[in-house]
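Following: one structure in structure tokens, then a few remarks.
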Amino acid sequence: MGKLLYSAAMSLDGFIAGPGGDMSWMTGYLGPNPTVDDLVPDVGALLVGNRTFRGDDPYKDTEHEGEAFGGAWSGPQFVLTHHAPDTPVPGVTFVGDLGSGVAAAKEAAGDKYVSVLGADVARQCLEAGLLDEVLVCIPPVLLGDGVRLFDHPGGAQVKLERLSVTHVPHATNLWFRVLR
0 MGKLLYSAAM
10 SLDGFIAGPG
20 GDMSWMTGYL
30 GPNPTVDDLV
40 PDVGALLVGN
50 RTFRGDDPYK
60 DTEHEGEAFG
70 GAWSGPQFVL
80 THHAPDTPVP
90 GVTFVGDLGS
100 GVAAAKEAAG
110 DKYVSVLGAD
120 VARQCLEAGL
130 LDEVLVCIPP
140 VLLGDGVRLF
150 DHPGGAQVKL
160 ERLSVTHVPH
170 ATNLWFRVLR
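Residue numbers (numbering that gives the first Met the number 0): 0 to 179.
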């Protein structure tokens, strides 16, 4: 089975979304990123938090609005929620608990990555000892407030091993393995 990878763009001060889940801050930093571009074909499924699924989109008002990785990826998505919509969403399975969501996403991904999208789902995966790797793309911006990459007041330290550091004109990419 594949690995669980938490991938996110993050401001230098640690926010993956601005206040209220605003993702518009990313618009000026979208563009070619060989690290991400090389990752996309290795992603077999997405495990997405409900707020991320229903939230703002950095590709809003473009032809790729609502598409993972700006339309570069398509495949099975598993949304962790206690409130599935009444109307089915093509390609999306709604799951009520972390364990069944991770199991379904890993099965769908096969030997490829399950890309975890959403800070709360990533935190839950870390707490459960399920997260394998973290990829953070850091553009040169400070947001000052919003949704943190990892927020667990009073939580235990999570040790990471750096796998790679790469630079592109609009970001620095940091890739880590989660140590257990």
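By construction, the Cβ of each residue, glycine as well, lies at the ideal position given by its N, Cα and C atoms.
In terms of Cβ geometry, A127 and I15 do not form a close pair [threshold 9 Å].
With fewer than 16 neighbouring CB atoms inside 10 Å of its own CB, L162 falls in the exposed class.
At the C-beta level, A44 and F77 come within 9 Å of one another. With 16 or more other CB atoms across the displayed protein chains lying within 10 angstroms of its CB, Q123 is buried.
When the beta-carbon positions are compared, L4 and V140 stay at least 9 Å from each other. Across the structure, H151 and V157 are spaced so that their CA atoms are roughly 11 Å apart. Excluding the 5 residues flanking it on each side, G30 has same chain C-beta neighbours closer than 7 Å at H169, in chain order.
Shown here for R179: same chain residues with a beta carbon closer than 8 Å to its own, the five before and five after excluded, namely G128 in chain order. For G20 and G95, the gap between their C-alpha atoms comes out near 22 Å. Annotation: R179 is outside any beta strand (DSSP E) and is labelled neither H nor E by DSSP.
Excluding the 5 residues flanking it on each side, T51 has same chain C-beta neighbours closer than 6 Å at L116 and G117, in chain order.
Taking all protein chains in view, the Cβ of A121 is crowded by 16 or more other Cβ atoms within 10 Å, so the residue is classified as buried. The beta strand (DSSP E) runs of length 3 or more contained entirely in the segment 117-160 are, from start to end of the chain, 132-137. The distance from the Cβ of R147 to that of G13 is about 5 Å, consistent with a contact at the 8 Å cut-off.
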